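Novice: FYI, in this note's numbering the residues of the sequence shown are 9 to 366.
Heads up, the beta-carbon is just placed ideally off N, CA and C, and yes, glycines get one too.
Model, not experiment: these values are computed from the prediction.
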Amino acid sequence: MLVSVQTPPHHSWKNPAERCMSNLNLGLQGVGVMRRALPTMEQKIKSTNNIKAIRELSNKEPALREEVMDAVQPAKILLGDVFSRLQVKGQNFKVFTAASKDDMVRLVNHLKKIDEEFNTDSLLDSSKPCKLTQKLKDFISEHCVCGQYQLSIKRCGAEDCVCGAPRTSPDTFADLHHLPFPIPQQEKYIHFEDLYGKEEAKVENYVPSKMQRAAQRHSMPFSPSSQKAKNAKMVVQCGECLKWRVCYSARVLKPDQRQKLERALDGVTYSCGTCFQNVSTDDDDSIFNAVYVNDKLTCDLPIEARDYVTFDDPLCYYCGSEDDLITGNSNYPLCNECNDAGKQPRKKNTRAFQPRQE
Ligand SMILES: [Zn+2]
Ligand SMILES: [Zn+2]
Ligand SMILES: [Zn+2]
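(1) Select from M49, F230, C171, L34 the residue whose C-alpha is nearest the C-alpha of L144.
(2) Less than 7 Å separating the beta-carbons of R225 and V301?
(3) Among all residues, which have a Cβ less than 6 Å from at least one non-hydrogen atom of ligand 3, and in what chain order do they fall?
(4) When we look at the beta-carbon of I59 and count the other beta-carbons within 10 Å, is it buried (16 or more) or exposed?
(5) Excluding sequence positions up to five away, which residues of its chain have a Cβ less than 6 Å from the Cβ of C346?
(6) Would the beta-carbon of E248 be found less than 6 Å away from any heavy atom of ligand 2?
(7) Beta-carbon distances below 5 Å to any heavy atom of ligand 1 define the shell here; list its residues in chain order, please.
(8) Since I believe T318 is in contact with K241 (beta carbons under 8 Å), could you give me their beta-carbon distance rounded to a whole number of angstroms?
(9) Is it the case that the Cβ atoms of A298 and S234 are separated by a distance below 7 Å?
(10) Considering only their Cβ atoms, is the gap separating P188 from Y214 smaller than 7 Å?
(11) When the Cα of Y316 is compared with those of K355, F296, G350, F284, which residue comes out closest?
(12) Measure the beta-carbon distance from S227 to D303 and round it to whole angstroms, keeping in mind my assumption that it falls under 8 Å.
(13) Apart from the five residues on each side of it in sequence, which residues of its chain come closer than 6 Å, Cβ to Cβ, to G98?
(14) Between R221 and N57, what straight-line distance do the alpha-carbon atoms span, to the nearest angstrom?
(15) Check whether the Cβ of C307 sits closer than 6 Å to any heavy atom of ligand 2, and report yes or no.
(16) For G205, I'd like the list of residues in its chain whose CB is within less than 7 Å of its CB, leaving aside the five on either flank, ordered along the chain.
(17) Looking only at its chain, what residues have a beta carbon closer than 7 Å to the beta carbon of G336, apart from the 5 residues adjacent to it on each side?
(18) Looking at C255 and ligand 2, is the gap between the Cβ and the nearest heavy atom below 6 Å?
(19) Taking 6 Å as the cut-off, does the CB of C154 come closer than this to any heavy atom belonging to ligand 2?
(20) Pick from A237, R175, V13, S92: whose alpha carbon is nearest that of F101?
(21) Looking at the strands, I want to know which residues DSSP matches up with I334.
(22) Report the CB separation of K52 from E69 in whole angstroms; it is logged as a contact under 8 Å.
(23) In chain order, what residues of the same chain lie with their CB nearer than 7 Å to the CB of C283, ignoring the 5 residues before and after it?
(24) Is the beta carbon of C280 within less than 6 Å of some heavy atom of ligand 2?
(25) On a Cα-Cα basis, can you pick out the residue from A71, V39, E64, G40 that is closest to M49?
(26) For the beta strand (DSSP E) holding Q245, just list the boundary residues, first then last.
(27) Which residue's Cα is closest to the Cα of D123: G88, C169, C164?
(28) Report the rounded CA-to-CA distance for T367 versus T277, giving the unit in angstroms.
(29) Closer than 7 Å by C-beta to G165: which residues in its own chain qualify, once you throw out the five before and the five after it? Chain order, please.
(30) Do R44 and A79 have their beta-carbon atoms positioned less than 7 Å apart in this structure?
(31) Identify the continuous alpha helix (DSSP H) that holds R114 and give its terminal residues.
(32) Which one or two residues does DSSP pair with R225 in a beta bridge?
(33) When you measure from the CB of G38 to every non-hydrogen atom of ligand 4, does any distance come out below 6 Å?
(34) Check whether the Cβ atoms of S130 and C138 lie closer than 7 Å to each other.
(35) Taking the beta strand (DSSP E) that S92 falls in, what are its first and last residues?
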């Protein structure tokens with residue numbers, strides 16, 4: 009049995025009360041950090057201005073990765089040292105080192121035991137969505153319970169299964185349940201003991217994206233037209249449903265504004281239903297005074313028609329996937345998976361859709 013739980017992603021605007029952040033901020037008072045200069049690629053890295061550009065550069069320049077890792081090491085050590093001296097309720101913070109590429113390769117290779125044919129590179133390349141094979145999907149549905157913030161894996165008990173025979177006594181194994189999903193009760197949550205093994209706690213219902221109701225109206229100061237989308241020509245990805253959402257701006261962004269926006273978007277985890285203006289900022293110069301997302305969207309809603317007008321990449325209308333698309337001329341792209349799930353091809357909104365002029 010393995011249970012893994014994560015907190016909501018950092019910078020998530022839906023979870024403003026990230027209490028550990030305020031403690032960490034105490035440790036950061038009066039601390040300045042700076043990376044070292046790269047020995048051979050300083051000029052090249054100076055020409056990039058966001059994480060995406062650095063990643064792209066590292067694909068072309070394999071040595072960049074090592075140099076960057078070395079250059080940020082002193083800052084990491086300093087911050088780790090500061091944080092591990094902080095305490096909450098008498099307990100010190102623990103600082104972990106991030107998994108290295110080798111660690112990830114080793115872990116991912118275990119999946120080969122389930123399906124030899126699984127292409128592990130697709131899992132390690134975080135820039136693309138990973139395609140699970142049918143064998144892996146079957147394994148997950150038989151052994152795992154996955155939620156937005158928690159995952160548990162339990163042996164199935166079958167003798168010939170790759171997961172192996174349980175090592176605990178049969179009685180204990182029979183009493184072992186997946187981690188229950190939390191259920192709110194008044195202002196708090198029902199106790200773990202009262203939920204453990206219970207039917208009602210086997211489905212995740214109480215997470216923001218499932219409880220979300222669409223806002224009555226969006227809070228943008230203009231209506232989200234194709235022109236406003238073309239002005240910004242930028243998308244931001246929802247951390248929960250992974251769909252790309254269109255940014256809108258009243259005026260065409262100047263190159264320096266665009267750079268500013270790219271940098272600002274690097275630093276946030278966006279999710280549908282929020283808007284950039286939820287971040288309280290005293291900065292009059294903030295790019296989010298000019299750029300908006302439609303906060304009426306929820307994770308269940310398909311890709312915005314304006315996405316197709318502003319960008320050329322075909323994406324599945326329902327789930328945003330780029331793979332296995334069925335595209336008809338008069339319909340928005342639809343992926344095989346959504347098609348199999350019974351989603352209907354959606355006719356293009358011809359008013360919003362203008363063919364690109366070459
Ligand atoms: Zn099994
Ligand atoms: Zn979403
Ligand atoms: Zn799809």
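Specialist: With the given structure in hand:
(1) Considering only M49, F230, C171, L34, the residue with the shortest C-alpha distance to L144 is C171.
(2) Against a cut-off of 7 Å, the Cβ pair of V301 and R225 comes out as no contact.
(3) Listed along the chain, these residues meet the criterion: C324, Y326, C327, S329, C343, E345, C346.
(4) The residue is exposed, with fewer than 16 neighbouring Cβ atoms inside 10 Å.
(5) Correct list, in chain order: C324, Y326, C327.
(6) Here the distance from the Cβ of E248 to the nearest heavy atom of ligand 2 is below 6 Å.
(7) Qualifying residues come out as C164, C169, C171.
(8) So it is a contact: roughly 6 Å between Cβ atoms.
(9) No.
(10) No, they are not a contact pair.
(11) When only C-alpha atoms are compared, the closest one is K355.
(12) Between D303 and S227 the Cβ distance is about 6 Å, and since that is below 8 Å, they are a contact.
(13) Nothing meets the Cβ criterion.
(14) Roughly 37 Å separates the two Cα atoms.
(15) For ligand 2, at least one heavy atom lies less than 6 Å from the Cβ of C307.
(16) Here G205 has H185 as same chain residues with Cβ atoms under 7 Å from its own Cβ, once five neighbours each way along the sequence are excluded.
(17) Exclusion of the five residues before and after G336 leaves P353 as the residues of its chain whose Cβ lies within less than 7 Å of its Cβ.
(18) No - ligand 2 has no heavy atom lying nearer than 6 Å to the Cβ of C255.
(19) Answer for C154: no, Cβ out of range of ligand 2.
(20) Among A237, R175, V13, S92, the Cα nearest to that of F101 is on S92.
(21) According to DSSP, I334 bridges with L342.
(22) Their Cβ separation, rounded to whole angstroms, is 7 Å, which keeps K52 and E69 in contact under 8 Å.
(23) Answer for C283: S227, Y300, V301, D303, listed in chain order.
(24) Yes - ligand 2 has a heavy atom lying nearer than 6 Å to the Cβ of C280.
(25) Comparing Cα positions, the closest option is A71.
(26) Where Q245 is concerned, the enclosing beta strand (DSSP E) stretches over 243-245.
(27) Of the listed residues, the one whose Cα sits closest to D123 is C169.
(28) Past the edges of the chain, shown from 9 to 366, lies residue 367, and the structure says nothing about it.
(29) The answer, listed in chain order, is P174, F181.
(30) With a cutoff of 7 Å on beta-carbon distance, A79 and R44 are scored as near each other.
(31) From DSSP, the alpha helix (DSSP H) with R114 extends over 109-117.
(32) R225 is not bridged to any residue.
(33) As presented, the structure is devoid of ligand 4, carrying ligand 1, ligand 2 and ligand 3 as its sole ligands.
(34) Their beta carbons are under 7 Å apart, which means S130 touches C138 by this criterion.
(35) Premise fails: S92 lies in the alpha helix (DSSP H), 71-92, not in any beta strand (DSSP E).
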